[in-house]
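Colleague: Mind having a look at this structure? Questions to follow.
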Amino acid sequence: MKKIIIAIDGFSSCGKSTMAKDLAKEVGYIYIDSGAMYRAVTLYSMENGIFEGESIDRERLRRELERVNISFRFNPETGRPDTYLNGVNVENRIRTMAVSAKVSPISALDFVREAMVAQQQAMGREKGIVMDGRDIGTTVFPNAELKVFVTASPEIRAQRRFEELKAKGQEADFDEILANVKQRDDIDQHREVSPLRKADDALLLDNTNLTIEQQKAWLMERFREAVNDGAENTDNNPKDRD
Ligand code: DC
């Protein structure tokens with residue numbers, strides 16, 4: 078069966094990564110969480126004095142970026158990939174509120190985006206990949222065969238994030254999380270470089286009132302359509318025949 082690229086974009090905490098991970102597992106594709114890459118750069122900046130309060134030492138980050146190595150390794154215990162920063166597993170540390178609060182300004186820097194997009198495009202060269210983020214269908218893979226843009230109300234997203242942090246035994250305050258969700262929406266949508274927006278050819282999915290199972294079924298159906306669509310086109314196109 079021919080392999081495709083699946084781009085899943087949307088607002089923060091609306092379940093993009095859960096659906097992307099589950100789909101990748103189901104169809105045997107590689108899953109890449111592009112947000113984890115921006116989070117890893119943020120963690121690096123926080124731990125290496127690149128943040129001075131709220132301001133960022135851009136020149137230092139620009140110089141040091143080539144030494145920031147981000148990779149993913151499959152974790153057999155969770156069945157999902159963990160994020161590594163310079164060889165160290167940072168999967169839990171990049172998910173804290175402290176990192177969430179600082180990631181938007183880092184991901185708004187043009188040179189950071191350029192470096193991450195180049196790495197993401199390299200990861201998709203062989204296709205057979207599900208990538209989630211904010212600009213996957215617009216900038217990273219504008220020719221992806223299946224694009225989904227996910228949204229849900231800010232309140233329901235904050236609630237999900239709250240429960241996720243609680244389940245991990247981390248500190249969580251609903252109002253603080255809701256404020257963070259809204260603030261990130263605003264920065265993500267209004268930044269100059271690659272703002273969050275739905276690609277014209279992306280399918281819109283509002284999952285405010287959907288269960289995970291309903292969402293899974295919907296996505297599998299879209300996957301089958303996208304793969305079959307490609308197969309039909311291939312069959313009908315003499316140039317693609319051997
Ligand atoms: O998906 P997430 O919440 O883990 O993403 C963390 C931040 O990274 C988010 O505030 C926006 C940014 N991001 C981005 O700018 N582009 C992407 N492709 C993915 C994430």
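If you count by the working numbering, then the sequence shown holds residues 78 to 319, one letter each, in order. A virtual CB, placed ideally from N, CA and C, is assigned to each residue, including glycine.
Where do the ends of the alpha helix (DSSP H) carrying G112 lie?
Modeller: First-last of the alpha helix (DSSP H) with G112: S111 to E124.
Colleague: Pairing CB atoms from the stretch 148-155 with CB atoms from the stretch 122-137, are three or more of them under 8 Å?
Modeller: Contact between the stretch 148-155 and the stretch 122-137 is absent, because fewer than three Cβ pairs lie under 8 Å.
Colleague: Considering only C-alpha positions, which residue in the set S94, S271, Y108 and M174 is nearest to S184?
Modeller: When each option's Cα is compared against that of S184, the closest is S271.
Colleague: For S181 and R170, I'd like the C-alpha separation in whole angstroms.
Modeller: Roughly 16 Å between the two C-alpha positions.
Colleague: By Cβ distance, which residues of its chain are closer than 8 Å to K245, with the 5 residues on each side in sequence left out?
Modeller: Closer than 8 Å at Cβ, skipping near neighbours: N169 and R172.
Colleague: Does at least one heavy atom of ligand 3 sit under 6 Å from the Cβ of D263?
Modeller: Ligand 3 is not among the ligands present in this structure, which contains only ligand 1.
Colleague: In its own chain, which residues sit with a C-beta less than 6 Å from the C-beta of A276, not counting the 5 before and 5 after it?
Modeller: Result list for A276: G214, T215 and K224, in chain order.
Colleague: Please tell me whether M96 and Q266 are closer than 7 Å, where the distance is taken between their beta carbons.
Modeller: No, Cβ-Cβ distance for M96 and Q266 is not below 7 Å.
Colleague: For the beta strand (DSSP E) that K224 lies in, which residues bound it at each end?
Modeller: Its beta strand (DSSP E) spans residues L223 to T228.
Colleague: Hey, is V180 close to ligand 1, as in C-beta under 6 Å from one of its heavy atoms?
Modeller: Flag set: Cβ of V180 near ligand 1.
Colleague: Nearest to K93 by alpha carbon, out of A178, D250, R237 and E248?
Modeller: Considering only alpha carbons, the answer is R237.
Colleague: Could you tell me whether the stretch 250-270 touches the stretch 80-90, using the rule of 3 or more Cβ pairs below 8 Å?
Modeller: Cβ pair count under 8 Å is three or more, so yes.
Colleague: How should V258 be labelled, buried or exposed, when 16 other C-beta atoms within 10 angstroms of its C-beta is the threshold for buried?
Modeller: Flag for V258 reads buried.
Colleague: Within a Cβ cutoff of 8 Å, which residues of the same chain sit near R321, ignoring the five residues on either side of it in sequence?
Modeller: This structure leaves residue 321 out entirely; the chain is present only between 78 and 319.
Colleague: Please report the Cβ distance between A303 and I109, rounded to the nearest whole angstrom; I am assuming they are in contact, meaning their Cβ atoms lie under 8 Å.
Modeller: That belief does not hold up - the Cβ atoms of A303 and I109 are roughly 18 Å apart, past 8 Å.
Colleague: On the criterion of 16 or more Cβ atoms from any shown chain inside 10 Å, does P158 qualify as buried, or is it exposed?
Modeller: Flag for P158 reads buried.
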